[in-house]
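Visitor: The sequence shown begins at 951 in this note's numbering and counts up by one.
C-beta atoms are modelled at their ideal positions from N, C-alpha and C, and glycine is treated no differently.
Submitted below is the structure of interest, expressed as structure tokens.
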Amino acid sequence: MPNIVIIGGGPAGLSAAIYAVRAGMQATVLYKDGGALAKTDKIENYFGFIEPVSGAELLELGDVYKRQLLERGQKQAERLGAVLRQTEVIGIEYAAQGFTVKTADGVFDADAVILATGSPRAVPKIEGVAALEGRGVSYCAICDAFFYRGKDVAVLGQGEYALEEARVLLSVAQSVTLLTNGSEAPADLPDGLRVETRKVSAVEGDELVSRVAFAEGEPLHVSGVFIAYGTAGSGDFARKLGAQLDGTRIKANADGSTAVPGLFAAGDCTGGLLQVAKAVADGAEAAMSAVKFVRK
């Protein structure tokens, strides 16, 4: 049975899973948490609620919303053969047929992928990062590693996503240093990866990145800094697969399709009205579009 992998467990991702399963597809939902909805303090404009309700309550309530969205997205999908896995997605690659989705817990093959991880994460507020974007500051190791062959580079981050970016760079760069920005070094570091735990104060350089300054001590001289803060978002995956972006938002058609065959996007990651109602509709559209693609 063809497998549609959905990355994201919020309204868009769960809606996509419901429609994919009901269309006779295998649906695999990979999610780390409930997304922005779980962090929303108060929601006043979702259909069917008389009084305001918090996003966390909306996810936890045993009412109509949970029965229709969570239970249908989990029990019904699982009953029909879908897989729901709480894990961190760290990469998506092209395969002979479709895609390979890499997670912290294993690998999933996909005939089509729907990106639904919500709006992009904020850029770290470190002096020089925004100013030197495209001039030594990058957000995509697969995209830009080629330009740093034989050079010294750094990866800013400390999670699985940062380690995956470091692995890509280790094969081409002269040296790779993981900048944890004050956090402890992660366990199970790849061979050859250096670690710097000091607090980062700035990314510096005249025309191009030339060094990373710390709150104390000597700077680290590098030619590039790759930002891999937190977990990878939909925009990160789309960029690496060659999909078009408008700033940090994925360019998707009304049916959720992107410029990459087999790759779809739904919800906040596509911009526009960042509302639950739109996310649910986007998920349904993307799922049906993905089903048509797989059937062809």
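Kindly give me the distance between the Cβ atoms of V1103 and F1176, rounded to whole angstroms, as I take these residues to be in contact under 8 Å.
Guide: The beta-carbon distance between V1103 and F1176, rounded to whole angstroms, is 7 Å. This is short enough to meet the 8 Å contact definition.
Visitor: Beta-carbon separation of A966 and A1227 under 9 Å?
Guide: no
Visitor: Taking the alpha-carbon positions, what's the V1126 to A1231 distance?
Guide: So the alpha carbons of these two residues sit roughly 43 Å apart.
Visitor: Taking the C-alpha atoms as reference points, what is the distance between L1113 and P1140?
Guide: A direct Cα-Cα distance of roughly 8 Å separates L1113 from P1140.
Visitor: I'd like the list of long-range same chain contacts for R1144, defined as Cβ closer than 6 Å, with 5 residues on each side in sequence excluded.
Guide: T1127
Visitor: Quick one, which of A1066, A1062 and D1055 has its alpha-carbon nearest G960's?
Guide: A1066
Visitor: Taking the DSSP output, what are the residues bridged to V1087?
Guide: E1083 and V1175
Visitor: Based on the DSSP secondary-structure assignment, which residues constitute the bridge partners of R1245?
Guide: Answer is none; R1245 lacks a bridge partner.
Visitor: Going by beta-carbon coordinates alone, are S1239 and G1192 separated by less than 9 Å?
Guide: no
Visitor: Where do the ends of the beta strand (DSSP E) carrying Y1044 lie?
Guide: V1039 to Y1044
Visitor: I think M951 touches G1031, with their Cβ atoms under 8 Å apart; what is that distance to the nearest whole Å?
Guide: 7 Å
Visitor: Starting from the Cα of A1095, find the closest Cα among E1083, G1078 and E1115 and give me that residue.
Guide: E1115
Visitor: Just how far apart, CA to CA, sit L980 and I957?
Guide: 5 Å
Visitor: For S1207, which of helix, strand or coil comes out of DSSP?
Guide: The answer is strand: DSSP assigns S1207 an E or B state.
Visitor: Measuring only the C-alpha atoms, how far is A1237 from G1174?
Guide: 38 Å
Visitor: Put G1185 into one of helix, strand or coil per three-state DSSP.
Guide: helix
Visitor: Let me know the secondary structure DSSP gives L1224 once reduced to three states.
Guide: coil
Visitor: DSSP state of E1235, grouped into three classes?
Guide: helix
Visitor: Suppose contacts are defined by Cβ-Cβ distances below 9 Å. Is V1051 in contact with V1033 by that definition?
Guide: no
Visitor: On the three-state DSSP scale, how would you describe D1059?
Guide: If DSSP states are grouped into helix, strand and coil, D1059 belongs with the strands.
Visitor: Short check: CB of V1241 to CB of I954, under 9 Å?
Guide: yes
Visitor: Determine the extent of the alpha helix (DSSP H) in which V1118 is found, giving its start and end residues.
Guide: E1110 to L1120
Visitor: First and last residue of the alpha helix (DSSP H) that includes S1151?
Guide: Taken as a continuous stretch (DSSP letters only), S1151 belongs to no alpha helix (DSSP H), being part of the beta strand (DSSP E) at V1150 to E1154.
Visitor: With DSSP collapsed to three states, give me the class of L964.
Guide: If DSSP states are grouped into helix, strand and coil, L964 belongs with the helices.
Visitor: Using only CA atoms, which one of P1074, R1189, V1122 and G1109 lies nearest to A1137?
Guide: G1109
Visitor: Alpha carbon to alpha carbon, what distance is there between T978 and R1035?
Guide: 8 Å
Visitor: Cα separation between D1156 and A1081?
Guide: 11 Å
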